[in-house]
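Residue numbers (my numbering): 4 to 106.
Every residue, glycine too, gets a C-beta built ideally from N, C-alpha and C.
Input: a single structure, listed below in structure tokens.
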Amino acid sequence: MSSTIINIGSAAIGPGDAILAPSKESLSNCLERTPTLKLSKIELRVRSSELLSHYDSLALASLVPKLIPGGSVTVQVLPGGDDVDGAPRGSGDYAVVTTSFVL
């Protein structure tokens, strides 16, 4: 079983083999270069200051076919940019993450 980390926007942390999705539009197809890849875990990392500009809640559905049965997706929101005490200025910004799991 394998896993991958997808760094969204400027959240370029973690291992050197993490996949970069520099823009909102690139998230949905960032795993297409490996069509036969099956993962046990996909971890998305995004800075809280970039949630609205870089995180695409609809793109999450396009990543699910890469998971094996019973696989998981996690979203790690990192502090950064205009955060105050590690939280984005607009508390509603986290709703975009919640919405992606509902869809």
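Backbone CA spacing between residue i and residue j [nearest angstrom]
i: Tyr58; j: Val76; result: 14 Å
i: Ser6; j: Leu42; result: 5 Å
i: Leu81; j: Arg50; result: 4 Å
i: Ser26; j: Asn32; result: 11 Å
i: Gly74; j: Lys44; result: 6 Å
Cross-strand partners of residue i (DSSP beta bridge)
i: Ser6; result: Lys44
i: Ile11; result: Ala24
Contact under 7 Å by Cβ, residue i with residue j
i: Lys69; j: Leu40; result: yes
i: Ser1; j: Ser60; result: Here the chain comprises residues numbered 4 to 106, so residue 1 is not present and cannot be evaluated.
i: Ala62; j: Leu30; result: yes
i: Val2; j: Val100; result: The requested residue 2 does not occur in the structure, where the chain is confined to residues 4 to 106.
i: Leu34; j: Asp96; result: no
Closest by C-alpha distance to residue i, when choosing among the options
i: Gly83; options: Ala15, Lys44, Ile22; result: Ala15
i: Asp20; options: Val99, Ile9, Val67; result: Ile9
i: Pro38; options: Glu53, Val67, Ser52; result: Val67
Ignoring anything shorter than 3 residues, give me the beta strand (DSSP E) runs that lie fully in the stretch 48 to 84, in order along the chain. If we require 3 residues or more, the beta strand (DSSP E) runs fully inside the stretch 48 to 84 come out as 70 to 81.
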